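Asker: The opening position of the sequence shown corresponds to residue 1 in the UniProt record's numbering, with each subsequent residue numbered one higher. This is the structure, below, for whatever I ask next.
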Amino acid sequence: MNIDRIEFNSWMERLMERFNLLDDKVKEMKNQNFEIDGEQLLDNQDVLQMLKISSRSLQRYRTSKRLPYYTISGKLYYKLSDVHQFIRDSFNGNSKN
Numbered sequence: 001m002n003i004d005r006i007e008f009n010s011w012m013e014r015l016m017e018r019f020n021l022l023d024d025k026v027k028e029m030k031n032q033n034f035e036i037d038g039e040q041l042l043d044n045q046d047v048l049q050m051l052k053i054s055s056r057s058l059q060r061y062r063t064s065k066r067l068p069y070y071t072i073s074g075k076l077y078y079k080l081s082d083v084h085q086f087i088r089d090s091f092n093g094n095s096k097n
């Protein structure tokens, strides 16, 4: 198959336009804030990065009921205020190991 330069450039331009549309859609989805009762929800990845902990530690905090969570469509979410309270409790020595 032999493609001339003009045809190739045209094809690449269309492909890059599609990538730009996809990039815009991903950015739009990323900027969506999920909320419950008017409060921002964080997913596992957000909480892991915020607390700088492993996924196993996060699982332990859920199991021990130290960090409340919600399951929505099979995905775990945490209220931002609950995460802040967890941090305050941890600093105040109210943690139960």
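Built from N, CA and C at the ideal position, the CB exists for glycine as well. These figures come from a predicted structure and were not determined experimentally.
Measure the C-alpha to C-alpha separation of Leu80 and Ile3 and round it to an integer number of angstroms.
Answerer: Between Leu80 and Ile3, the C-alpha separation is close to 54 Å.
Asker: Can you tell me which of the three DSSP states Leu15 falls into?
Answerer: If DSSP states are grouped into helix, strand and coil, Leu15 belongs with the helices.
Asker: Taking C-beta to C-beta, are Arg66 and Phe86 nearer than 8 Å?
Answerer: Yes, Cβ-Cβ distance for Arg66 and Phe86 is below 8 Å.
Asker: What does the Cβ neighbour count give for Tyr70, buried or exposed, with the cut at 16 atoms within 10 Å?
Answerer: Exposed.
Asker: Between which two residues does the beta strand (DSSP E) carrying Ile72 extend?
Answerer: Looking at the DSSP string, the run of the beta strand (DSSP E) that includes Ile72 is 70–72.
Asker: Spatial neighbours of Leu48 within its chain, please: C-beta separation below 8 Å, excluding the five flanking residues on both sides.
Answerer: Excluding residues within five positions, the ones whose Cβ falls inside 8 Å are Ser54, Ser55, Leu58.
Asker: In three-state terms, what does DSSP make of Asp24?
Answerer: The answer is helix: DSSP assigns Asp24 an H, G or I state.
Asker: How about Glu35 and Leu42: do their beta carbons lie closer than 8 Å?
Answerer: Going by C-beta atoms, Glu35 is not nearer than 8 Å to Leu42.
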